[in-house]
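Counting from 1, position 84 in the sequence shown corresponds to residue 121 in our numbering; the numbering is continuous, with no gaps.
Structure, as structure tokens:
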Amino acid sequence: MLITALVRDVPEANNHSFLNFVPRPITAVSLTSALLTTNAPADTVTRNRVSFRLFNRTPASEGVPNVFLQIAIDPTTAQLDISSPYTDQNGTVVVNLTSAYPGDVWIYASVPSMPDVLPARNLVTFVPFNPVFTITNEVIRDREPAGGPANQVRFTVLSNINGTPRPDISLAFSVSGQARLSSYEGVTLSNGTFTLDVFNDVAESVRVTAAVASSPLINSYADVSFT
């Protein structure tokens, strides 16, 4: 490109200069993504997985280790689980995602320390969660005096297919307020039940919750009172 500078009143006073524009250099490093798992149920537990790999653009495609990748998702309602945002010896970062909401989620990765490296992205899908179990509850004993005998709640796990009790289902339990439980985890008996004693030294109403350990969205709760 020729650039000319002139003085209007002095035509012979001029100067010329040339500028050269060269093509943008092609970076020697690339970032790619690979879809490992998709169509996980939106149960807050089951994971979709995506891997990102930073590598040298050579015939051997050697991975670039120990480089920080910036990871982002859209929408942000999904939950990220990354053991490390730094590439491993193979140049890879694996991203796990869970969600309580069905739908598509975009995952983006970029290399802040290498602005010439183009970002990479991938798409995963969470499908609607269709629980295979239902938990019912029954208050066996209620309104016991604080500091006295326990209140008692029984939970039963039933199949959503035929309504039969389900044995050997691992449950997790929690309680509100100052109350204490006889157990905070357990496995249903042959009749699909698990019975909890609820203790409290304080006069109050509390909520006892049971959830399938592997699927926390499958849950049930009962309220009991201490007088």
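C-beta: ideal position from N, C-alpha, C; glycine also.
- In the displayed model, I177 falls within a strand according to three-state DSSP.
- In terms of CA proximity to F236, V212 leads the group S120, V212, V194.
- Distance from the CA atom of T171 to the CA atom of N197, rounded to whole angstroms, is 6 Å.
- Comparing alpha carbon positions, the residue from S262, N103, T124, V148 closest to Q215 is S262.
- Residues of the same chain with a CB within less than 8 Å of the CB of S121, apart from the 5 flanking positions on each side, are V130 in chain order.
- Distance check between P156 and each of L254, I110, A97, L226 places I110 closest, using alpha-carbon atoms only.
- Under the criterion of beta carbons closer than 8 Å, P78 and F166 qualify as touching, at roughly 5 Å.
- N76 counts as exposed, since fewer than 16 other C-beta atoms from the protein chains shown sit within 10 angstroms of its C-beta.
- Note that the C-beta distance between N127 and G100 is below 7 Å.
- Distances from the CA of T74 to each of V82, L68, S67, R86 were compared; the closest alpha carbon is that of R86.
- Per the C-alpha coordinates, the member of V190, G229, T201 positioned closest to R244 is V190.
- With fewer than 16 other CB atoms across the displayed protein chains lying within 10 angstroms of its CB, S98 is exposed.
- In the three-state reduction of the DSSP assignment, R90 falls in the strand class.
- With contacts defined as CB atoms closer than 7 Å, F89 and L117 fail to qualify as a contacting pair.
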